[in-house]
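Start counting the sequence shown at 1053; every next residue gets the next number (my numbering).
Reviewing the structure listed below.
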Amino acid sequence: MKPFSQDIIFFDTEFSSLDPCEGEILSIGMVKLSGEEFYIELEYDGEVSEWVKDNILHTLIAPKVSREEAQKQIKEFVGEGKPHIMAYVNQFDAIYTYKLFGIDNHPFHWLPIDFASMLFAHGKDPEMLVDLERACKEFGIDHTKYKQHHALDDAKVLRKIYLKLADQSSS
Ligand SMILES: [Mg+2]
């Protein structure tokens, strides 16, 4: 694999619904290629889907910040360079981030990179990351360190797999 750029942020969000017209962002995890991390949970008191109730709400235990504060902190972490965000099932992460910032106001390169396509191009099942444990095992990563559906842990696993893919391609 010969990446186009090293200016990457591995990125994951959790949100209240799969319907982007109804849902809002609940948490964001980001990891730079260097390993530098950022995590935030947002204030939200609206409806959540049954799946989110069962799988996400109990994992959101950090202090909550306003949307304005979230925008400020994310911009500080990301910097001015418009890095490429790389996410799994990236259409949702992108759309909820655009909803948070507004379409022309987010600090990322406009075109998100789809992690599933990268797996596909390496001959790997693009669905494997639906099951974090399976994906970690496939790449020899200790899955017990990561809690699936926690935005920061999901972003960390993307970075780990990316580094393995880069390694495998260079050998
Ligand atoms: Mg996630």
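In this text, a Cβ means the ideal position worked out from N, Cα and C, and glycines have one as well.
Keep in mind that this is a model prediction, so the values were computed, not measured.
Quiz prompt | Leu993 in three-state terms, based on DSSP | solution = Residue 993 lies beyond the stretch modelled for the chain, which goes from 1053 to 1223, so this question has no answer here.
Quiz item: Where are the alpha helix (DSSP H) runs, 4 residues long or more, that stay fully inside the region 1096 to 1166, in chain order?
Solution: 1102 to 1107, 1119 to 1130 and 1142 to 1153
Quiz item: Does the beta carbon of Glu1066 fall short of 7 Å from some heavy atom of ligand 1?
Solution: On the sequence shown, position 14 is the one that residue 1066 refers to. Correct: Glu1066 has its Cβ closer than 7 Å to ligand 1.
Quiz prompt | Closest by C-alpha distance to Asp1219, when choosing among Phe1191, Ala1203 and Thr1196 | solution = As a working mapping, residue 1219 is identified with position 167 in the sequence shown. When only C-alpha atoms are compared, the closest one is Phe1191.
Quiz item: For Asn1157, which residues from the same chain have a beta carbon less than 6 Å from its beta carbon, with the 5 sequence-adjacent residues on both sides left out?
Solution: One-based indexing of the sequence shown puts residue 1157 at position 105. None.
Quiz item: By how many angstroms is the C-alpha of Glu1093 removed from the C-alpha of Lys1116?
Solution: Counting from 1 along the sequence shown, the entry for residue 1116 is found at position 64. Counting from 1 along the sequence shown, the entry for residue 1093 is found at position 41. Each residue's Cα considered, the two are about 5 Å apart.
Quiz item: Using 8 Å as the limit for Cβ to Cβ distance, is Leu1210 near chain D?
Solution: The structure shown contains no chain D; it is built from a single protein chain.
Quiz prompt | Those residues which DSSP pairs with Val1083 across a bridge | solution = In the sequence shown, counting from the first residue as 1, residue 1083 sits at position 31. BP columns for Val1083 point to Phe1062 and Glu1089.
Quiz item: Just the Cα atoms here: how many angstroms apart are Met1082 and Asp1166?
Solution: In the sequence shown, residue 1082 corresponds to position 30, counting from 1. In the sequence shown, residue 1166 corresponds to position 114, counting from 1. Whole-angstrom Cα-Cα distance: 15 Å.
Exercise. With DSSP as the reference, label Ile1193 as helix, strand or coil.
Key: For the purposes of this step, residue 1193 is taken as residue 141 along the sequence shown, with counting starting at 1. It is coil, neither helix nor strand.
Practice problem: Pull up the distance between the alpha-carbon of Lys1230 and that of Val1141, whole angstroms please. | Solution: The displayed coordinates of the chain run from 1053 to 1223. Any statement about residue 1230 would go beyond what the structure contains.
Self-check item: Given Ser1086 as reference, the closest of Phe1144, Asn1107 and Ile1061 once Cα atoms are compared
Solution: For the purposes of this step, residue 1086 is identified with residue 34 of the sequence shown, where counting begins at 1. Here the closest residue by C-alpha is Ile1061.
Practice problem: Could you tell me whether the Cβ atoms of Lys1212 and Asp1205 are closer together than 8 Å? | Solution: Within the sequence shown, numbered from 1, the residue matching residue 1212 stands at position 160. Within the sequence shown, numbered from 1, the residue matching residue 1205 stands at position 153. It is not a contact, given that the beta carbons lie outside the stated cut-off.
Quiz prompt | Leu1217 - DSSP class collapsed to helix/strand/coil | solution = Sequence index remark: in the sequence shown, residue 1217 carries index 165 (1-based). Helix at Leu1217.
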